[in-house]
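So for the sequence shown, the numbering used here puts the first residue at 77; every next one is plus one. One structure is given below, encoded as structure tokens.
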Amino acid sequence: MRWFVANLLSLMLLSLGGPVAHASGRAVSFNGREYVRVSQWARTNGLEVRWTAPGVELHVTGPHLSLVLTHDSRRIRINGIGVWISGAVVMRDQEAYLPALDVPTTLRPLLSPRRPPGGGIHTICLDPGHGGDDTGKRDGPRNEKQFTLLLARELGRLLEKGGYKVVYTRTSDQKVDLPTRPEIARQAKADLFLSLHFNAFEGPAAQGLEVYCLTPVGASSTNANGEGADSPACVGNRFDERNVQLAFELQKTLVRRLGREDRGMRRARFAVLRDAAMPAVLIEGGFMSSPSESKWIYSSSERSKLAQAIVEALANYKRGSGL
77 MRWFVANLLS LMLLSLGGPV AHASGRAVSF NGREYVRVSQ WARTNGLEVR WTAPGVELHV
137 TGPHLSLVLT HDSRRIRING IGVWISGAVV MRDQEAYLPA LDVPTTLRPL LSPRRPPGGG
197 IHTICLDPGH GGDDTGKRDG PRNEKQFTLL LARELGRLLE KGGYKVVYTR TSDQKVDLPT
257 RPEIARQAKA DLFLSLHFNA FEGPAAQGLE VYCLTPVGAS STNANGEGAD SPACVGNRFD
317 ERNVQLAFEL QKTLVRRLGR EDRGMRRARF AVLRDAAMPA VLIEGGFMSS PSESKWIYSS
377 SERSKLAQAI VEALANYKRG SGL
């Protein structure tokens, strides 16, 4: 593990020193965090920069890119899709600054995607969240565990129809320990791991779609637990580049196809993502606590639309279609 962590950190430092980091080759520091000057990064990559609200919002554009940065926000927009980054954007003296860590871990993988290695994608592991006495979120008599399993069955049917081999972490109402779930995928030699969930909040207002991938080394998570930047490297960090590509493709396709609110692609160190020995994501398919979204979650026809959108996203990811 020490060898893995040391090599992973070395690769990240080399990435930060590459041509997409700084024209000057030196980092700018704010509150102990390293940043890149966006104007220099954009110029190096042949992109144009313009202020849409001076000192507040900056727009970076290219042939296939629209990147919107907002002062003091961790959420950026890439081609209209929300992406949560490792730290807040800083704007000072008519210059915008982006956390340096997000160049190699977010921007580079999305701007320069590559096809998955090893002959593509053949086997997909579906992980219906919760099960048994772990009910997950609850809405009256309805439990999250019921609907993650129903979604997994429909998604699996569509994937098998498309020629994929599908394995499941559970096929009935049974409890499966968190470490066992990615282990099932590893033993099946799965090429991708998809954990399926639904969300809930205290009130009815929250709604929308979220796709999580593993937090990169050196970054804080965007989930509610917010593990800090000093968290150690995990097995799943071997796939950081493909994790973010897969998560972004799913977030983009689900939002556009289903017309739901975009809560942004997010990062977390969930156990099933930490231990996955292949690219892995966790999909939050809507809020059971929202009167409008709960109708979609409980409807077989609407769950089928969600499953179809996931299949489309996987096809786009497999082709390496990019932004």
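Beta carbons are placed, not taken as given, at the ideal position from N, Cα and C, and that holds for glycine.
Compute the Euclidean distance between the alpha carbons of residue i and residue j, then round it to the nearest angstrom.
i: D209; j: L187; result: 43 Å
i: A389; j: A172; result: 32 Å
i: I197; j: E278; result: 39 Å
i: P139; j: N121; result: 11 Å
i: D148; j: V357; result: 27 Å
i: R150; j: L141; result: 19 Å
i: V136; j: A118; result: 7 Å
i: G398; j: L226; result: 30 Å
i: I152; j: W160; result: 6 Å
i: L334; j: N155; result: 17 Å
i: T199; j: L268; result: 7 Å
i: P95; j: N219; result: Confidence at P95 is low in this model, with a pLDDT of 35, below 50, so the placement of that residue should be treated as unreliable; the coordinate-derived value is given next. Rounded to the nearest angstrom, the two C-alpha atoms are 50 Å apart.
i: A282; j: F324; result: 21 Å
i: D203; j: L231; result: 11 Å
i: A295; j: P185; result: 16 Å
i: G216; j: Q222; result: 13 Å
i: R262; j: G108; result: 38 Å
i: R233; j: V387; result: 11 Å
i: V252; j: N392; result: 30 Å
i: T245; j: R257; result: 6 Å
i: V179; j: V114; result: 10 Å
Apply the 10 Å Cβ neighbour rule to residue i and answer buried if 16 or more other Cβ atoms are within range, or exposed otherwise.
i: D306; result: exposed
i: S248; result: exposed
i: P367; result: exposed
i: D169; result: exposed
i: R395; result: exposed
i: K237; result: exposed
i: S376; result: exposed
i: G207; result: buried
i: S105; result: exposed
i: E60; result: Here the chain has residues from 77 to 399 only, and residue 60 is not among them.
i: A400; result: The requested residue 400 does not occur in the structure, where the chain is confined to residues 77 to 399.
i: W372; result: buried
i: G340; result: buried
i: R214; result: exposed
i: P189; result: buried
i: G205; result: buried
i: G304; result: exposed
Just tell me which of the options has its CA closest to the CA of residue i.
i: S370; options: L285, T256, Q250, R257; result: L285
i: G163; options: T291, E230, S271; result: T291
i: N313; options: F346, L183, V331, P217; result: F346
i: L254; options: L349, G361, F106, V114; result: L349
i: T211; options: T224, E325, C201; result: T224
i: M275; options: I359, M167, A176, F106; result: Before going on, a small fix: residue 275 reads as Asn here, not Met. If we check each option's Cα against that of N275, I359 comes out closest.
i: A352; options: A323, R395, L270, V179; result: L270
i: R342; options: Q116, T181, K221, V132; result: T181
i: K328; options: I157, S115, R109, P130; result: I157
i: L326; options: Q384, C201, M167; result: Q384
i: R318; options: Y288, L330, L174; result: Y288
i: E110; options: V165, A176, L134; result: A176
i: V311; options: G362, M354, K213, N392; result: M354
i: W127; options: V144, Q263, A228, G362; result: V144
i: P280; options: P189, F363, A391, T245; result: F363
i: K133; options: C201, R113, D316, M167; result: Going by the sequence as given, residue 133 is Glu instead of Lys. Of the candidates C201, R113, D316, M167, the one whose C-alpha sits nearest the C-alpha of E133 is M167.
i: L330; options: L322, G239, L382, S297; result: L382
i: V293; options: H273, A344, D338; result: A344
i: A264; options: S297, C201, V114, F315; result: C201
Can you tell me where the beta strand (DSSP E) with residue i in it begins and where it stops?
i: I152; result: 151-154
i: E236; result: Where E236 is concerned, there is no enclosing beta strand (DSSP E), although the alpha helix (DSSP H) it sits in stretches over 220-237.
i: L401; result: Given that the chain is displayed from residue 77 to residue 399, the structure contains no residue 401 and the question cannot be resolved.
i: T291; result: Counting along the chain, T291 falls outside any beta strand (DSSP E), and DSSP gives it neither H nor E.
i: T256; result: Segment 256-263 is the alpha helix (DSSP H) holding T256; no beta strand (DSSP E) there.
i: R246; result: It is not in any beta strand (DSSP E) - R246 carries neither H nor E in the DSSP assignment.
i: R168; result: 166-168
Following the continuous alpha helix (DSSP H) through residue i, name the residue where it begins and the one where it ends.
i: V114; result: 114-120
i: S142; result: First-last for S142: 141-146, but that is the beta strand (DSSP E), not the alpha helix (DSSP H).
i: K328; result: 316-334
i: A172; result: Careful: A172 lies outside any alpha helix (DSSP H), inside the beta strand (DSSP E) at 171-175.
Mind listing, in chain order, the continuous alpha helix (DSSP H) runs of no fewer than 4 residues lying wholly within the segment 348-384?
-> 367-374
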